[in-house]
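Numbering (our numbering) for the sequence shown: 46 to 418.
For glycine and all other residues, C-beta sits at the position ideal for the given N, C-alpha and C.
Quick caveat, the model's predicted, so the values are computed rather than measured.
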Amino acid sequence: NTMRRMTTGYASDSDNGVAGAAASNNKQFTFDAVHGTRSTQDEVYESVHGIVDSVVDGYNGTIVAYGQTGSGKTFTVFGGENGNDEASCGLIQRALRDIFHKITLSKAKEATSTYEIDDPVSSASNSKTTFRGSFFEIFNERVYDLLSPHDSLETSLSVREDVSGVYVEGLKEIQVHNNVEAEALLAKGLANRHVASTNMNRVSSRSHAVFVLSVKSEHVTSDGLRKVRNSKFTLVDLAGSERQKSTAAYGNRLKEASMINKSLLCLGHVINALVDKEAGKARHVPFRNSKLTFLLRDTWGGNSKTCLVATVSPSGSAISETISTLKFAQRAKLIKNNAVLNEDTCGTVAALQAEVAKLRSKLLENTTTNTNT
């Protein structure tokens, strides 16, 4: 990826991000991409669509939006209030459409290839892909299913862990067949999310929202070899950090802000511990200190390809929050994840031996090509 440099000082609009007026106060940060206030939603998506490609290929992919309250996270992720406006569609809508489109093309290409190589009768039934969507929020350190019936929305769910990983007990996973059904799930969940008005944001998110699309692809070859790929696309819209002085929050709003800041602080501690481990230091990573970090354990240093979208305000009065956000993002970039292809293969002994022979042949071919080069 092309690295872009971002300079902060007094925030003003420019094509390269935020430009500083006073050289003595400037700080420079380097990221994979920088977008200014004139950037379109499509341009921002182009910077993160590699995550979608990875999900289609069988890897776990996560996009996380982080930043100060009122800086545009929810708009970037979920788009504007008019969901039918193509220009203002968020990252999630574009990603869902891309995932379904690319998997449909892949299946069509695979069917054509199978038809040419094997027999046309079995080609259509060789491949099957299923999609399941879930949507939950973490509000005041409690987990709520945003797809539950209205009479169950206030029922908090427990977070469990087993050999397969961390999960939310009782969370609904609803099967979808296309991006229209997936976006309908998204709209239903957003309508149930906790929001409120503050001095900095008319519709301020009071919870961390997590949307997950699980993709399971099964393919059976003509010789009985069965390949199963399980990948997950996760999109996280973190509630923004808040200062009571700026938001003028009180009562329940102040309590919510306190819980938001506490969970984001725990996330910062996790990021710092992981970066220290990368540097060779012996550190305990406090994933369990917050439900947010515990549930997203694979996102940071685990089995996932992750993209962090850090949003900042163009206002000069928010310069301290802007620098804090950029420091967080630059530090998170130092973490190395261990994403692996989530594929299992099973079948008869003969089929497995044939697969091993084919892989050895490919490896030898690649080795020969590299040697000649």
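_Helix, strand or coil, according to DSSP, for residue 219 in the structure here?_
In the sequence shown, residue 219 corresponds to position 174, counting from 1. Correct three-state label for residue 219: strand.
*From 377, 126 and 352, pick the residue whose C-alpha is nearest to that of residue 322; which is it?*
Counting from 1 along the sequence shown, the entry for residue 322 is found at position 277. For the residues 377, 126 and 352, the minimum Cα distance to residue 322 belongs to 377.
*Is residue 231 buried or exposed, if buried means 16 or more other CB atoms sit within 10 Å of its CB?*
Along the sequence shown, one-based indexing puts residue 231 at 186. Its Cβ being crowded by 16 or more others within 10 Å, residue 231 is buried.
*In the DSSP assignment, what are the bridge partners of residue 178?*
Here residue 178 is taken as the residue at index 133 of the sequence shown, counted from 1. Looking at the DSSP assignment, residue 178 forms a beta bridge with 219 and 258.
_Going by C-alpha to C-alpha distance, which of 92, 85 and 86 sits closest to residue 77?_
Locating residue 77 in the sequence shown gives position 32, where the first residue counts as 1. Residue 92 is the option with its Cα nearest to residue 77.
*Return the residue from the list 369, 338, 83 and 316 that minimises the CA-CA distance to residue 379.*
Indexing the sequence shown from 1 puts residue 379 at position 334. For residue 379, the nearest C-alpha among the options comes from 316.
*Counting pairs of beta carbons, one from the segment 193 to 208 and one from the segment 274 to 286, are three or more of them closer than 8 Å?*
no
*Under a three-way DSSP split, which group does residue 2 fall into?*
The structure shown does not extend to residue 2, since the chain is modelled only from 46 to 418, so the question has no answer here.
_Three-state class that DSSP yields for residue 283 in the structure shown_ = Mapped onto the sequence shown, residue 283 falls at position 238. In this structure, residue 283 counts as coil in the three-state DSSP scheme.
*Taking buried to mean at least 16 other C-beta atoms within 10 Å of its own C-beta, is residue 153 buried or exposed?*
As a working note, residue 153 is residue 108 in the sequence shown. Exposed: under 16 other Cβ atoms inside 10 Å.
*asked:* Is it buried or exposed, residue 214, if we count other Cβ atoms within 10 angstroms and call 16 or more buried?
replied: Stepping through the sequence shown from its first residue, residue 214 is reached at position 169. Its Cβ having fewer than 16 others within 10 Å, residue 214 is exposed.
_Helix, strand or coil for residue 108? Go by DSSP, reduced to three states._
Here residue 108 corresponds to residue number 63 of the sequence shown, with the count starting at 1. DSSP places residue 108 in strand when its eight states are reduced to three.
_Pair within 9 Å by beta-carbon distance, residue 265 and residue 276_ = Position 220 of the sequence shown holds residue 265. Position 231 of the sequence shown holds residue 276. No, the pair does not count as a contact, with Cβ atoms beyond the cut-off.
*Look up residue 77 in the DSSP assignment and say whether it is helix, strand or coil.*
Indexing the sequence shown from 1 puts residue 77 at position 32. Looking at residue 77 - three-state DSSP - the assignment turns out to be coil, as it is neither helix nor strand.
*Scan the segment 293 to 372 and note each continuous beta strand (DSSP E) run of 3 residues or more that stays entirely inside, going in chain order.*
350 to 356
*For my contact list, residue 115 and residue 285 are in at a C-beta cut-off of 8 Å; report their separation, rounded to the angstrom.*
Position 70 of the sequence shown, counted from the first residue, corresponds to residue 115. Position 240 of the sequence shown, counted from the first residue, corresponds to residue 285. 7 Å between Cβ atoms; contact.
*asked:* Check this for me: beta carbons of residue 97 and residue 351, under 9 Å apart or not?
replied: Your numbering for residue 97 matches position 52 in the sequence shown. Your numbering for residue 351 matches position 306 in the sequence shown. No.
*What does DSSP give as the partner residues of residue 412 in its beta bridges?*
As a first step, residue 412 is located in the sequence shown; it is residue number 367 there, counting from the start. DSSP lists no partner for residue 412.
_According to DSSP, is residue 380 part of a helix, a strand, or is it coil?_
One-based indexing of the sequence shown puts residue 380 at position 335. Three-state DSSP puts residue 380 in coil, outside helix and strand.
*Have a look at 89, 101, 85 and 106 and flag the residue whose alpha-carbon is nearest the alpha-carbon of residue 349.*
In the sequence shown, the residue the question calls residue 349 occupies position 304. Of the candidates 89, 101, 85 and 106, the one whose C-alpha sits nearest the C-alpha of residue 349 is 106.
_Please classify residue 141 as buried or exposed, where buried requires at least 16 neighbouring CB atoms within 10 angstroms._
Translated into positions along the sequence shown, residue 141 becomes position 96. That one is buried.
*The alpha helix (DSSP H) spanning residue 210 covers which residue range?*
As a working note, residue 210 is residue 165 in the sequence shown. That residue, residue 210, is in no alpha helix (DSSP H); its beta strand (DSSP E) goes 210 to 213.
*Starting from residue 389 and walking both ways along the beta strand (DSSP E), at which residues does that stretch end?*
Residue numbering aside, residue 389 sits at position 344 when the sequence shown is read from its first letter. That run of the beta strand (DSSP E) goes 388 to 391.
_Status (buried if at least 16 other CB within 10 Å, exposed otherwise) for residue 134_ = Here residue 134 refers to the residue found at position 89 when the sequence shown is read from its first residue. Classification of residue 134: buried, given that the 10 Å Cβ count is 16 or more.
*Whole-angstrom Cβ separation of residue 414 and residue 400, contact assumed at under 8 Å?*
Here residue 414 corresponds to residue number 369 of the sequence shown, with the count starting at 1. Here residue 400 corresponds to residue number 355 of the sequence shown, with the count starting at 1. With 8 Å as the limit, residue 414 and residue 400 do not qualify as a contact, their Cβ atoms being about 21 Å apart.
_Helix, strand or coil at residue 64 [DSSP, three-state]_ = Sequence index remark: in the sequence shown, residue 64 carries index 19 (1-based). Residue confidence is low: residue 64 scores 42 on pLDDT, short of 50, so the model does not pin down where it sits. Its coordinate-derived value is still stated next. The answer is coil: DSSP assigns residue 64 none of H, G, I, E or B.
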